[in-house]
Amino acid sequence: MTDLRKYAGMALIALALLALPLVLTSMGTAWVRITNLAILFVFLSLGLNIVVGMAGLLDLGYIAFYAVGAYVYALLASPHFGLHLPFWVILPIGALLAGLAGAVLGAPTLRLRGDYLAIVTLGFGEIVRILMNNLSAPFNITNGPKGITRIDGLNVAGMSFNSTDTLFGISFTGPAKYYYILLLLLLCVIAVNLRLQKSRIGRAWVAIREDELAAKSAGINTRNVKLLAFAMGASFGGIAGGMFAAMQGFVSPESFILQESVMVLAMVVLGGMGNVWGVIAGALLLSFVPEFLRYTVEPAQKMLFGRLLVEPEVLRMLIFGVALVLTMRFRPAGLWPEARHRREFGEKRA
Amino acid sequence: MLATALLEALNLEVHYGGIAAVKGISFAVEEGELVCLIGANGAGKTSTLKALARMIPAQGEIHYRNARLDRLPSHDLIRHGLALVPEGRGIFARLTVTENLAMGAYHRNDKAEIALDLQHIYEMLPRLKERAAQVAGTLSGGEQQMLAIGRALMGRPQLLLLDEPSMGLAPLMVEKVFEVIRTVAAQGVTIFLVEQNARLALQTCSRGYVMESGLITLADSAANLLADPRVRTAYLGE
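Those sequence lines, one after another, are chains A and B. Residue numbers for the first sequence follow my numbering, beginning at 5 and rising by one. Residue numbers for the second sequence follow my numbering, beginning at 11 and rising by one.
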């Protein structure tokens with residue numbers, strides 16, 4: 005009976021997820037795009053969650069790995085170098101190179117923790133962005149601040165993801181098709197993260213976060229395990245970056261500024277560090293709320309005061325900031341915290 | 011060099027920047043022994059222990075059975091049968107008691123044996139069994155110390171390095187922790203104990219070393235050290 009209910013519930017959720025782009029398309033294709041970006045932010049948050057939430061290593065330059073993935077895709081599938089490799093070749097390369105970049109960042113920072121690590125990672129994020137900005141001379145690799153344009157979209161079995169197709173009398177727009185492939189990827193990414201959370205390596209990450217000396221004494225090779233956290237976390241960022249480049253058809257350094265790193269970190273912390281579901285909730289919420297406000301702040305002001313009192317963009321970020329502060333004030337462990345964090349914070353309140 | 015020495019340190023030195031914390035000491039622990047290293051605050055006891063466990067850089071040789079510890083990385087020591095219970099216990103505060111104990115067997119693959127060892131630890135430390143599902147951070151100081159010892163035992167060590175197990179504990183709890191230490195020793199685990207509570211340490215151990223500003227100044231049987239006037243005035247408060 006309960007099993008039946010569980011399966012029925014799951015079927016309903018699956019159906020809702022499948023129908024979502026069709027519903028959103030009727031509200032405007034923009035909303036499908038927003039949803040796709042939100043899913044990318046879920047990838048990013050889950051990747052950062054490995055580093056920050058599980059292993060306890062504060063990383064403020066995480067967006068650099070997103071940049072690596074995006075640029076790898078852009079360079080290997082655009083007229084810039086005249087290369088047009090298929091996406092199933094590029095995405096793994098992007099994940100691998102981002103993972104490598106993660107290890108490169110991890111290696112010199114192994115002895116650092118907390119604020120010190122945060123500063124170094126922040127610097128790393130900026131280095132990557134500035135590199136992308138300046139690698140246009142003497143050899144033009146990244147095309148500098150102008151970015152790389154006309155990036156190939158996904159192409160599966162002859163079906164292009166950048167045009168509208170009609171199937172069974174329903175028309176699927178480009179963004180809607182991306183949504184489905186992102187949904188598929190998302191399921192894989194969630195499955196991997198859930199497994200990691202419960203695995204031996206996941207426990208080793210938590211042990212390092214709690215007490216490094218004791219972790220070493222228990223036989224954990226803290227150096228390798230930390231490097232693995234950096235590399236695995238980064239590789240998720242690389243995959244997200246590749247999908248981002250394919251979806252947008254254009255990448256430039258200004259997509260990978262510090263604010264993006266901070267945003268992803270906020271998603272992880274607000275959702276509930278260490279808990280996969282909490283992090284997903286955090287990423288979705290912080291992706292959608294600003295967009296939702298974008299469409300409601302202006303009409304709401306006009307309705308209330310008859311005219312615009314505050315610049316919509318300013319008000320939007322103000323509301324967003326206040327909401328963040330309030331959440332952290334009343335739910336310090338995040339909206340949906342990891343059981344361990346919850347127990348700890350509950351303890352302190354009692 | 012003692013013929014039966016399980017652990018032997020030769021000219022061990024530890025420096026923090028320009029400051030020498032341990033100034034070239036030598037000592038040995040034989041198989042099955044319960045040996046303590048006593049001394050005042052800042053004498054270099056914890057530095058000595060951390061150097062043995064390869065947690066901090068040090069000069070000098072450390073022989074352990076046929077291995078040279080000074081050439082091994084710290085995380086390999088448990089595979090050679092050497093476990094450290096760090097100062098301040100170092101439990102994983104957000105993991106449950108059982109998870110903490112499981113982490114002690116991290117390097118092992120023998121699941122059935124691990125389960126048996128866990129049962130054994132719970133028999134020896136029933137208080138931990140009562141709190142098996144509780145987060146370790148919510149345990150009392152004494153229970154945390156027991157947990158730290160239990161976790162180290164889950165690695166099946168032959169040599170246990172204990173750093174100040176009495177630190178910050180109520181006198182009654184200190185007694186209990188030392189009771190556990192004696193039980194563990196009776197089961198055949200060799201123990202090297204660093205302790206500020208000189209009287210209790212010497213009453214528990216068979217042999218002792220006294221450390222003063224980075225040097226070992228006395229080495230004798232525990233009974234002789236307890237009777238030594240220098241020890242009595244400096245460490246036993248008489």
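Glycine included, every Cβ here is placed at the ideal spot set by N, Cα and C.
*Go to residue 221 of chain B, then tell me how far its beta strand (DSSP E) extends in each direction, as first and last residue.*
Segment 217-222, the beta strand (DSSP E) holding residue 221 of chain B.
_I'd like to know whether the C-beta atoms of residue 156 of chain B and residue 137 of chain B end up nearer to each other than 8 Å._
yes
_Can you look up residue 277 of chain A in the DSSP assignment and give me helix, strand or coil?_
Coil, per DSSP.
*Between which two residues does the alpha helix (DSSP H) harbouring residue 43 of chain A extend?*
Element bounds for residue 43 of chain A: 33-52.
_DSSP beta-bridge partners of residue 88 of chain A_ = Looking at the DSSP assignment, residue 88 of chain A forms a beta bridge with A:81.
*Nearest to residue 220 of chain A by alpha carbon, out of B:164, B:65, B:97, B:153?*
When each option's Cα is compared against that of residue 220 of chain A, the closest is B:65.
_Tell me the residue span of the alpha helix (DSSP H) that contains residue 122 of chain A._
Annotation: the continuous alpha helix (DSSP H) that includes residue 122 of chain A extends over 118-138.
*So, is residue 37 of chain A buried or exposed, given that buried needs 16 or more other C-beta atoms within 10 angstroms?*
buried
*asked:* Checking the sheet assignment: what are the DSSP bridge partners for residue 308 of chain B?
replied: Outside the displayed range of chain B (11 to 248) lies residue 308 of chain B, so it cannot be described from this structure.
*Would you verify that the beta carbon of residue 210 of chain A is, or is not, closer than 8 Å to some beta carbon of chain B?*
yes
*Considering only the beta carbon of each residue, do residue 145 of chain A and residue 82 of chain A sit closer than 8 Å?*
Cβ atoms of residue 145 of chain A and residue 82 of chain A: not closer than 8 Å.
*What residue ranges within the region 158-196 of chain A form continuous beta strand (DSSP E) runs of no fewer than 3 residues, ordered along the chain?*
169-171, 174-176
*Contacts around residue 153 of chain A, its chain only, beta-carbon distance under 6 Å, and the 5 residues preceding and following it disregarded*: 254
*asked:* Determine, for residue 215 of chain A, whether the minimum Cβ-Cβ distance to residues of chain B falls below 8 Å.
replied: yes
*Can you round the beta-carbon distance between residue 89 of chain B and residue 117 of chain B to whole angstroms, since I take them to be within the 8 Å contact cut?*
6 Å
*Assuming residue 60 of chain A and residue 213 of chain A form a contact by the criterion Cβ under 8 Å, report the distance between their Cβ atoms to the nearest whole angstrom.*
3 Å
_When A:216, A:125, A:70, A:124 are compared against residue 100 of chain A, the one with the closest alpha-carbon_ = A:70
*Residues that residue 74 of chain B bridges to, as DSSP identifies them*: B:17, B:77
*Would you mind sorting residue 202 of chain A into buried or exposed? The rule is 16 or more other CB atoms within 10 Å of its CB.*
exposed
_Below-8 Å beta-carbon distance, residue 85 of chain B vs any chain A residue_ = yes
*Under 8 Å between C-beta atoms, does residue 222 of chain A make it to chain B?*
Nearest CB-CB separation between residue 222 of chain A and chain B: below the 8 Å threshold.
_At the 8 Å Cβ level, is residue 353 of chain A part of the contact set with chain B, yes or no?_
In this prediction, residue 353 of chain A scores a pLDDT of 38, lower than 50, which makes its location untrustworthy; the coordinate-derived value is nonetheless stated afterwards. It does not; no Cβ of chain B falls within 8 Å.
*Run down chain A in chain order and give the residues with a C-beta less than 9 Å from the C-beta of residue 117 of chain B.*
222, 223, 224
*Within this structure, are the beta carbons of residue 24 of chain B and residue 68 of chain B separated by less than 8 Å?*
yes
*With a threshold of 16 other CB atoms inside 10 Å of the CB of residue 230 of chain A, please say whether the residue is buried or exposed.*
buried
*Would you say residue 12 of chain B reaches chain A, if we count a Cβ-Cβ gap shorter than 8 Å as a contact?*
Confidence in residue 12 of chain B is poor, its pLDDT being 48 and thus under 50, which makes the residue's placement too unreliable to answer from.
_Could you check whether residue 62 of chain B and residue 19 of chain B sit closer than 8 Å to each other, using their CB atoms as the reference points?_
yes
_Rounded straight-line distance, which links the Cα of residue 81 of chain B to that of residue 74 of chain B_ = 11 Å
*Please list the segments of the beta strand (DSSP E) lying wholly inside the region 188-256 of chain A, counting only runs of 3 or more residues, in order along the chain.*
none
*Under the three-state DSSP convention, the category residue 146 of chain A falls into*: In the three-state reduction of the DSSP assignment, residue 146 of chain A falls in the coil class, being assigned neither a helical nor a strand state.
*What's the gap between the Cα of residue 35 of chain B and the Cα of residue 56 of chain B?*
13 Å
*Per-residue contacts from residue 156 of chain B into chain A (C-beta, under 8 Å)*: By Cβ distance, chain A contributes nothing, its closest Cβ being about 15 Å from residue 156 of chain B, past 8 Å.
*Start and end of the alpha helix (DSSP H) containing residue 127 of chain B?*
That run of the alpha helix (DSSP H) goes 121-134.
*Report the rounded CA-to-CA distance for residue 353 of chain A versus residue 51 of chain A, giving the unit in angstroms.*
At residue 353 of chain A the pLDDT is 38, less than 50, meaning the model places this residue with poor confidence; the figure from the coordinates comes in the next sentence. If you take the alpha carbons of residue 353 of chain A and residue 51 of chain A, they lie about 30 Å apart.
*asked:* Between which residues of its own chain and residue 93 of chain B is the CB-CB distance below 6 Å, once the five residues before and five after are set aside?
replied: 162, 165, 167, 170
*For residue 98 of chain B, the three-state DSSP class (helix, strand or coil)*: coil
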